[in-house]
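What follows is a short report on a single structure.
Residue numbers (the numbering used here): 29 to 446.
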């Protein structure tokens, strides 16, 4: 296909595709799917070889969030039967993180539900970061605490945080349909604060909430402008007890096209398959590793993932290798620019490809449903109306048997899945 040849050539040059080209990827047929995966794989291997970075989530504070995110099992008014607990102590969080690190994770993501941290919360998380790093030399720590106030990002950086997660999740045009308790502009402000403090930006999306192809392209191009080092791609887990419980709009083929589109738009960044991969990609997860270079190991915030050993076996069986702690994830041009910026930003600019330059928004509180760091805070009490995209995605029947609430690991007396 001329389209795919063009996208590969642009990806190898770190050049942005056009919006029309990105939309065309989402519109490809099932007959073309393997060609799409192979083309995205060429770009992925150019910048990341066959390495797979493992990330591990620790839910520091679960449930009882005052925000009204439609997708989230921790949202205000959620009837999802999830774990609910207040802040883990630093030693408890460090012990939980150690399980993931022992399984091969090189980044620990510390997540807490809520609109945003108080200064006391930032101090608490700072002590947790210090405890983790004292026990695990060289591990990366990403914080995901919601909307940041002035000075908080700098304090997290001083405490040893390497990155901050705050997802865009959906397009600016449809953001009001997802959240009512904060705005898209609030997300922009928090990512700008993280950038300014020298923290690496981690910002992604959630697919499967009833959005159109245009919405998906809008949010990914916004992430390119945001200049995120890491782009987690979450696939909605429709939790019972949340407004989006009936939204089953994704098929494995649709998920692969979305991942490929993200890779073409953001060729040289860490594209992470985040929450929902087990639910929606299912047996096609190994194929997705040809596009993405990063996954979460084991469980998510309030849902269970597949066994950690199964993750490691999948990586090996697919011909990939776990990225070692001594390996730099980002390509040299991005890693060098990131270091020059004091550890923050993405190290690339829109003019030269990369994943953007101008901060364009991010996420808020704990993404329990999607599991990939922070997610959108919002939505309405009613499930959104079916859209043309939801009809045309080739969605499979609902697989509620694959949605399991986490009952082990952080906040419990049971061993974690890592």
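C-beta: ideal position from N, C-alpha, C; glycine also.
Cutoff 8 Å; reference residue 241; Cβ partners in own chain excluding five residues on either side: To locate residue 241, count along the chain shown from 1; it is residue 213. Around residue 241: 51, 54, 55, 417.
Cβ-based neighbour list, residue 154, same chain, cut-off 6 Å, excluding 5 preceding and 5 following: Here residue 154 corresponds to residue number 126 of the chain shown, with the count starting at 1. Hits under 6 Å: 187.
Reducing DSSP to helix, strand and coil, say where residue 167 ends up. To locate residue 167, count along the chain shown from 1; it is residue 139. It is coil, neither helix nor strand.
Considering only the alpha carbon of each residue, which of 209, 169, 179 lies closest to residue 190? Locating residue 190 in the chain shown gives position 162, counting from the first residue. Closest by alpha carbon: 169.
Look at the Cβ atom of residue 326, then the Cβ atom of residue 345, and state whether they are nearer than 8 Å. Locating residue 326 in the chain shown gives position 298, counting from the first residue. Locating residue 345 in the chain shown gives position 317, counting from the first residue. Their beta carbons are not under 8 Å apart, which means residue 326 does not touch residue 345 by this criterion.
In angstroms, rounded to a whole number, what distance separates the CA positions of residue 315 and residue 65? Counting from 1 along the chain shown, the entry for residue 315 is found at position 287. Counting from 1 along the chain shown, the entry for residue 65 is found at position 37. For residue 315 and residue 65, the distance between alpha carbons rounds to 8 Å.
So, is residue 450 buried or exposed, given that buried needs 16 or more other C-beta atoms within 10 angstroms? The structure shown does not extend to residue 450, since the chain is modelled only from 29 to 446, so the question has no answer here.
Between which two residues does the alpha helix (DSSP H) harbouring residue 1 extend? Any question about residue 1 goes unanswered here, given that the chain covers just 29 to 446.
Within 10 Å of its beta-carbon, does residue 218 have 16 or more other beta-carbons around it, so buried, or fewer, so exposed? Counted from its first residue, the chain shown places residue 218 at position 190. Flag for residue 218 reads buried.
Entirely enclosed alpha helix (DSSP H) segments - the stretch 310-380, minimum 4 residues: 313-316, 336-345, 360-368
Closest to residue 119 by C-alpha separation, out of 438, 351, 284, 276, would be which residue? Residue numbering aside, residue 119 sits at position 91 when the chain shown is read from its first letter. It is 438 whose Cα lies nearest to the Cα of residue 119.
Quick one: what does DSSP say residue 249 is sitting in, helix, strand or coil? Counting from 1 along the chain shown, the entry for residue 249 is found at position 221. Residue state, collapsed to three classes: helix.
Looking at residue 286: is its Cβ nearer than 8 Å to the Cβ of residue 235? Working through the chain shown from its first residue, we reach residue 286 at position 258. Working through the chain shown from its first residue, we reach residue 235 at position 207. Yes, they are a contact pair.
With 8 Å as the threshold, decide whether the Cβ of residue 179 is near any Cβ in chain C. The chain labelled as chain C is not found in the depicted structure, where only one protein chain is given.
Residue 233 versus residue 57 - alpha carbon distance: Looking up residue 233 in the chain shown gives position 205. Looking up residue 57 in the chain shown gives position 29. C-alpha separation (whole angstroms): 23 Å.
Using 8 Å as the Cβ pair cut-off and three pairs as the minimum, do the stretch 35-42 and the stretch 263-272 touch? no
Rounding to the nearest angstrom, what Cα-Cα distance links residue 174 and residue 29 in this structure? For the purposes of this step, residue 174 is taken as residue 146 along the chain shown, with counting starting at 1. For the purposes of this step, residue 29 is taken as residue 1 along the chain shown, with counting starting at 1. Between residue 174 and residue 29, the C-alpha separation is close to 42 Å.
What residues are listed by DSSP as bridge partners for residue 263? Within the chain shown, residue 263 is the residue found at index 235, counting from 1. Answer is 235.
Taking the alpha carbon of residue 69 as the point to measure from, which residue in 425, 348, 140 has its own alpha carbon closest? As a working note, residue 69 is residue 41 in the chain shown. Selected option, being the one with the closest Cα: 348.
Residues bridged to residue 301 [DSSP beta-bridge criterion]: Counted from its first residue, the chain shown places residue 301 at position 273. Residue 301 is bridged to 261, 323.
Exposed unless 16 or more other CB atoms sit within 10 angstroms - verdict on residue 447: Absent from the structure is residue 447, since the part of the chain shown begins at 29 and ends at 446.
List the whole-angstrom C-beta distance separating residue 252 from residue 280, where the pair is believed to meet the contact cut-off of C-beta under 8 Å. Looking up residue 252 in the chain shown gives position 224. Looking up residue 280 in the chain shown gives position 252. Not confirmed; about 25 Å, so no contact.
Mark residue 132 as exposed unless 16 or more other C-beta atoms lie within 10 angstroms of its C-beta, in which case mark it buried. Residue numbering aside, residue 132 sits at position 104 when the chain shown is read from its first letter. So residue 132 counts as buried.
Just to check, is the beta-carbon of residue 88 closer than 7 Å to a non-hydrogen atom of the ligand COA? Judged by which ligands are present, the structure shown has none, so any question about the ligand COA falls away.
Name the one or two DSSP bridge partners that residue 79 has. Here residue 79 refers to the residue found at position 51 when the chain shown is read from its first residue. DSSP, once it has assigned bridges, lists 349 as partnering residue 79.
Can you tell me the Cα-Cα spacing of residue 112 and residue 141, whole angstroms? Counting from 1 along the chain shown, the entry for residue 112 is found at position 84. Counting from 1 along the chain shown, the entry for residue 141 is found at position 113. Their backbone Cα atoms lie some 10 Å apart in a straight line.
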